[in-house]
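J.: Numbering (the working numbering), first residue to last: 953 to 1519.
Beta carbons: idealized from backbone N, C-alpha and C, even for Gly.
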Amino acid sequence: MAFAAPPVQSATASPATGKTRYTDYPMAMAVTTTIFFMWGFLTVLNDILIPHLKTVFELNYAQAMLVQFTFFGAYFLMSLPAGRLVALLGYKKGIVAGLAIAAVGAFGFWPAAQLHSYGAFLAALFVLATGITVLQVAANAYVALLGPERTSSSRLTLAQAMNSLGTTIGPKFGGLLILSAAAVVIPPAVRNAPETVQLVQTLNNAPAVQTIDAIRQAPPERLVAALNDASATALDRLPVQDVAASFVQLPAGPMAQVLDSLSGAPLLATLSTLSPQQLAALPPATLATALDKLASSRLDEHDAAQLANVRASLAPETRQQLTDYRQKQAQLVQVPYLGLGVALLVLAVGVWLFRLPPLTESTEQADTSHHTLMDALRHSHVLFGVLAIFFYVGAEVSIGSFLVNYLSLPEIGHMSEQAAADHVVYYWGGAMVGRLAGSALLVYINPRKLLAAFAAVAGLLVLTTMLTQGQVALVSVIAIGLFNSIMFPTIFALGIERMGPLTGKASSLLIMAIVGGALLPLAQGVLADHMGIQHAFILPLLCYGYIVFYGLRGSLVREPATPAIHH
C-alpha cells in the first residue's frame, strides 16, 4: 500500500501582497526531512569515532583524520555516479537506493571490528558515505524543488534543522555507547573539605618546594580531588622529576586517577618513574589513554625517546592486556552500527511505500539538450557556490572533528573525552536552533546578506577561541555551531537558483564539493601535529572569510536563467 502526498492547492504569489506559498507538498516535505535526520546522525558519529579509533589504533591526528578524509572523499568520488543514479531512478527510488547502500556500510562495521583493522573501518565508512552521497544528491535538490524558488532557502534550512537534530543527538548516543570510559567521581565531602580547598590553592600558587611537600603529604583521595580542581597548568611550573617522585608511592587505584588528570611533561615523567610492576598494576584503560595522550603531544626528540623507553619497559603480559583492551574497544562500535543499519533499511521501506511526487521537469529526464557539468559551471554563482560548499563543509567538519580532543586539553576544558563528547552536543545543537530560527528569518531577510553576516560572526568566534583559553575559548568554539546553521542550505539553494533542467548537474557539483570535509580536516590534522590544535584553527577562519565573499558577491546570478522545459 502506498501513501499519497497530494499537493496543496494554493495560489501563486500575489502582486498586491508579495506573499507566496511555502511548499506544494507538505507531506512529502515531512517524509523527506526524516532522511535529513538520519544522515546527520550518521555523519556526526564520525566526531566520536575519531578519538575512539585514535586510541584503539594509536594514531596521530593526521592519521585519525583519515576517518573524515575517507567519509567525505566518497562525496567527491561518488557524487557524479550518484547523480547519474538519481537521474536514472528518479528522486524517490534514488533516496531508497541511498538508504540501502548506507545500511550495507553500517553493517560493515561488524566485520571491521572483528578484524581489528583500521583499513576495514575506513572501507565500511566509504560505503556508508556513498549511500549518504546518493541521499544528498537526491534529497537536497528535491526539498528545494518542493515549492517556489523564493522560499527554497527557507525550506531547505528547515529540512536541515532535522539534520541538525540528528547531529545533536548523535554525540550523546556515541559518547554513551562508544566512548565508554567513566569519569572520576569524587565525593563532595572530599572535594569541598577545607583541606582540599587549601591544597588546590597550594598547587596553584605556592612556591615549588612547598607545593611538592604538600603533594607528598596529602592523602591519595584528597590529592586526586585537588588535581582535578587545580589549574590545568598548576604542575607545569614544578620540576617534573620532583612531581613524578611525589606520585610514585601511590597505590594503583589513586595512581590511575592521578594519571587520568595529568598531561604533557608531568605525565611522561610519572610514567617513566614507574616500574614495570607498577605499570602492569594500572587498569589497561588508564595506561592506554596515557600513552595516547603522550603520542598526540608535540614531543621533542628527548621526550619521544623517553616515551619509547616507557613502551619498551612494559612487560609482555601488560602489552597483551593493552592489545586485548584495544580489541574490546574496537568492538564497542558493532552493536550501535548494526542497529543503525537496521534503522536505515526500515526507513528505506517506509520511503518506498510513500508516493512522493516525481518532479521530473527539474531532472535530467527533462534535459533534452544534454547539458554537461561544464554548462552548469559556466554560471558563476554555481562555480563560486561549489567553492563555498567546499570551504563551509571543511570548516564545520574540521571544528567538529577536533572538538573532543580540543575540549580535553588542560588549558581549554580540562575534561575527559566522554565529558567533551557531551559538550559536542551543544555545538551541533546550536546548529539545530540556528536552522529553526534561520528558516523563519530567511522568509523575510535576503539570504545572501544573512549568510554573509553569519559567516562573519563565525569567523570572529574562531579568532576568539584561538586567542583565549579556558571558558572563553570553550564557549566561543561551541557557539560557532549556532552560526554554521544556515550556511549549507543557503549556499546550496543559492547555487541551484534558476538552473531549470541543469538543477541536477548543479546539485551534483555542489555535493562533490563536500569533499572539503575530507581534505581540510586532514590539513588541519597536519597543522595540529606541528603547531598544536588551537593554532590550527586558522584554517576554518580562512574558510569563513570566503563564505562572507560568497554571500555578498559570489552568489549573485549573472547569467540568464536556464529555461525550464515545458510539456
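Buried or exposed: residue 1324, going by 16 or more other Cβ atoms within 10 Å of its Cβ?
T.: Classification for residue 1324: exposed.
J.: For residue 1078, does the three-state DSSP call read helix, strand or coil?
T.: Note: residue 1078 maps to helix in three-state DSSP.
J.: Give the straight-line distance between the Cα atoms of residue 1237 and residue 1188, rounded to the nearest whole angstrom.
T.: So the alpha carbons of these two residues sit roughly 24 angstroms apart.
J.: For the alpha helix (DSSP H) that residue 1485 lies in, which residues bound it at each end?
T.: Unbroken run through residue 1485: none, as it is neither H nor E.
J.: Taking just the CA atoms, how far does residue 1492 sit from residue 1009?
T.: Computed Cα separation, rounded: 27 angstroms.
J.: Specify the secondary structure class of residue 1009 as computed by DSSP and reduced to three states.
T.: Residue 1009 falls in the coil class under three-state DSSP.
J.: Using CA coordinates, which residue listed in 1151, 1330 and 1182 is at the minimum distance from residue 1168?
T.: Among 1151, 1330 and 1182, the Cα nearest to that of residue 1168 belongs to 1151.
J.: Using only the heavy atoms of the ligand COA, determine whether one of them is closer than 6 angstroms to the beta carbon of residue 1059.
T.: The ligand COA is not part of this structure, which contains no ligands at all.
J.: Which of helix, strand or coil does DSSP assign to residue 1510?
T.: Three-state result, residue 1510: coil.
J.: So, using beta-carbon positions, are residue 1072 and residue 1064 closer together than 7 angstroms?
T.: It is a contact, given that the beta carbons lie within the stated cut-off.
J.: Based on Cα-Cα distance, which residue from 1217, 1206 and 1487 lies nearest to residue 1194?
T.: When only C-alpha atoms are compared, the closest one is 1217.
J.: Does the separation of the CB atoms of residue 1410 and residue 1440 fall below 7 angstroms?
T.: No.
J.: For residue 1368, count the other beta carbons within 10 Å of its own beta carbon; 16 or more makes it buried, fewer makes it exposed. Which is it?
T.: Buried.
J.: Would residue 984 and residue 1384 be called neighbours here (beta carbons separated by less than 7 angstroms)?
T.: Cβ distance not < 7 angstroms, so residue 984 and residue 1384 don't count as in contact.
J.: Check whether the Cβ atoms of residue 1027 and residue 1090 sit closer than 7 angstroms, and answer yes or no.
T.: In this structure, residue 1090 does not lie closer than 7 angstroms to residue 1027 by Cβ.
J.: Give the single residue among 1363, 1173 and 1163 whose Cα lies nearest to the Cα of residue 1138.
T.: Cα-wise, what sits closest to residue 1138 is 1173.
J.: Under 8 angstroms, with one C-beta from each stretch per pair, do the segment 1021 to 1037 and the segment 1397 to 1417 reach the 3-pair mark?
T.: Contact fails: fewer than three Cβ-Cβ distances are below 8 angstroms.
J.: Looking at the structure shown, is residue 893 part of a helix, part of a strand, or coil, going by DSSP?
T.: With the chain represented from 953 up to 1519, any question about residue 893 goes unanswered, as that position is not in the structure.
J.: Ends of the alpha helix (DSSP H) at residue 1040?
T.: Where residue 1040 is concerned, the enclosing alpha helix (DSSP H) stretches over 1018 to 1041.
J.: Which residue wins for smallest C-alpha separation from residue 1423, given the options 1454, 1375, 1382 and 994?
T.: Of the candidates 1454, 1375, 1382 and 994, the one whose C-alpha sits nearest the C-alpha of residue 1423 is 1375.
J.: What is the DSSP secondary structure of residue 1241, reduced to helix, strand or coil?
T.: The answer is helix: DSSP assigns residue 1241 an H, G or I state.
J.: Which term fits residue 1301, buried or exposed, when burial requires 16 or more other beta carbons within 10 angstroms of its beta carbon?
T.: So residue 1301 ends up on the exposed side.
J.: In angstroms with no decimal places, state the Cα-to-Cα distance between residue 1255 and residue 1246.
T.: Approximately 9 angstroms, taken between the alpha carbons.
J.: Alpha carbon to alpha carbon, how far is residue 1204 from residue 1171? Give it in angstroms, no decimals.
T.: Looking at the two C-alpha atoms, the distance is approximately 14 angstroms.
J.: Tell me whether the beta-carbon of residue 1444 lies closer than 7 angstroms to the beta-carbon of residue 1426.
T.: Cβ atoms of residue 1444 and residue 1426: not closer than 7 angstroms.
J.: Check whether the Cβ atoms of residue 1394 and residue 1106 sit closer than 7 angstroms, and answer yes or no.
T.: It is a contact, given that the beta carbons lie within the stated cut-off.
J.: Are the beta-carbon atoms of residue 925 and residue 992 separated by less than 7 angstroms?
T.: The shown model of the chain, from 953 to 1519, leaves out residue 925, and the question about it has no answer.
J.: Quick one: what's got a C-beta closer than 6 angstroms to residue 1479's C-beta in the same chain, skipping five residues either side?
T.: 1488.
J.: Within the continuous alpha helix (DSSP H) that includes residue 1539, where are the two ends?
T.: Nothing in the structure corresponds to residue 1539, since the chain is present only between 953 and 1519.
J.: Using the rule of at least 16 other Cβ atoms within 10 Å of the residue's Cβ for burial, across every protein chain shown, is residue 1476 buried or exposed?
T.: Residue 1476 is buried by the Cβ-count criterion.
J.: Is residue 1507 near residue 1109, with beta carbons less than 7 angstroms apart?
T.: Not closer than 7 angstroms, so no.
J.: With a threshold of 16 other CB atoms inside 10 Å of the CB of residue 1326, please say whether the residue is buried or exposed.
T.: The residue is exposed, with fewer than 16 neighbouring Cβ atoms inside 10 Å.
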